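Scroll down for the structure; my scribbles are underneath it.
Residue numbers (mature numbering (1 follows the signal peptide of the UniProt record, and there is no 0)): -19 to -1, 1 to 220.
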C-alpha cells in the first residue's frame, strides 16, 4: 500500500527518456537538458506521491491519538458521574461540625484524582510513546520527501556524463524509495500495534475505574456511618 510506484513511473517514462537520448545525441545539444527535464518531472511526481502518503499517515496517527484521548476522557467522566451522588451526600455530612474532622473535600478530591489517574496511566504512557515514535518517523519522511525533490540538482552538481547522470538519479531515487517504504511500513505497524494496545488498555482502565468507584463508595459509606454514630453520641450527651 505504501509503495511509491517509482519503478512503474520510471518504466512509463523510459520510452520518452530513450527518445530524448537519441534526439540529444543527434543534435549534439547540451547532454544534460532533456535528462534533467525527465528527472525533474519524475522527482516532482514522486515527491507529490510521498507527500500524499505522509498526509494519509498523519491523519491515521491523529485518529489513533484522538481515540486514546477520548477513551481516557470517557473512563474518567463515567467514574466521576457515578461518584457524583455519593460525593454530594458526604459533602452534606461534612457540613456538620461533628463530622468535619473525618474527611475534607480536598482530601477526597485528591484521593479520587490520584486513583483515576493511576487507572489511565497505561493509556497516557501509550499515547506519549506513540506520539514520540511517530513524530520521529514523520520527520524522517518529510526529510526524504525533500531529498526526492532535490535529486535532479544533486546529480547535476556532480561531473556526470549523460548516462551516468541518469544512473545517479535512478540509484538515488530507488534508495530513497526503499528507505521511505521502510519508514511507512514501520509507521503502519506502529499504528496497528498501538490500536491493539489501546483496546486492551482501555478495557483494563475501565475495570480499574470501576474498582475505584466501588471502593470509594464503600469508603464514603463508612465515613457516613462513623459520622452518623458521632451525631448519635452527641444527641445522647444532650439528653
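Even glycine gets a Cβ: it sits at the ideal position worked out from N, Cα and C. Since the structure is predicted, the reported quantities are computational estimates derived from the model, not experimental observations.
Exposed unless 16 or more other CB atoms sit within 10 angstroms - verdict on residue i
| i | result |
| --- | --- |
| residue 170 | exposed |
| residue 95 | exposed |
| residue 23 | buried |
| residue 85 | exposed |
| residue 173 | exposed |
| residue 3 | Summary for residue 3: the model assigns pLDDT 37, below 50, so the residue's position carries little reliability; its value from the coordinates is reported in the next sentence. With fewer than 16 other Cβ atoms within 10 Å, it is exposed. |
| residue 194 | buried |
| residue 150 | buried |
| residue 186 | buried |
| residue 42 | buried |
| residue 49 | buried |
| residue 11 | Residue confidence is low: residue 11 scores 47 on pLDDT, short of 50, so the model does not pin down where it sits. No coordinate-derived value is stated. |
| residue 7 | Note that residue 7 scores a pLDDT of 36, beneath 50, so its modelled location is shaky; the value from the coordinates is reported in the next line. With fewer than 16 other Cβ atoms within 10 Å, it is exposed. |
| residue 181 | exposed |
Sub-9 Å separation of residue i and residue j beta-carbons
| i | j | result |
| --- | --- | --- |
| residue 207 | residue 89 | no |
| residue 115 | residue 57 | no |
| residue 52 | residue 104 | yes |
| residue 31 | residue 122 | yes |
| residue 179 | residue 107 | yes |
| residue 20 | residue 147 | yes |
| residue 67 | residue 160 | no |
Extent of the continuous alpha helix (DSSP H) run through residue i
| i | result |
| --- | --- |
| residue 127 | 102 to 130 |
Expected contact under 8 Å - CB spacing of residue i and residue j to nearest Å
| i | j | result |
| --- | --- | --- |
| residue 119 | residue 35 | 7 Å |
| residue 28 | residue 126 | 6 Å |
| residue 111 | residue 163 | The pair is not a contact, with the Cβ atoms about 19 Å apart (cut-off 8 Å). |
| residue 128 | residue 157 | 6 Å |
| residue 38 | residue 205 | At roughly 53 Å, the Cβ-Cβ gap does not stay under 8 Å, so residue 38 and residue 205 are not in contact. |
| residue 190 | residue 97 | 6 Å |
Closer than 8 Å: residue i CB and nearest the ligand NAP heavy atom
| i | result |
| --- | --- |
| residue 113 | Looking at this structure, you won't find the ligand NAP or any other ligand, since it has none at all. |
- Message: Check whether the region 66 to 76 and the region 120 to 140 touch, using three or more Cβ-Cβ pairs below 8 Å as the test.
- Response: no
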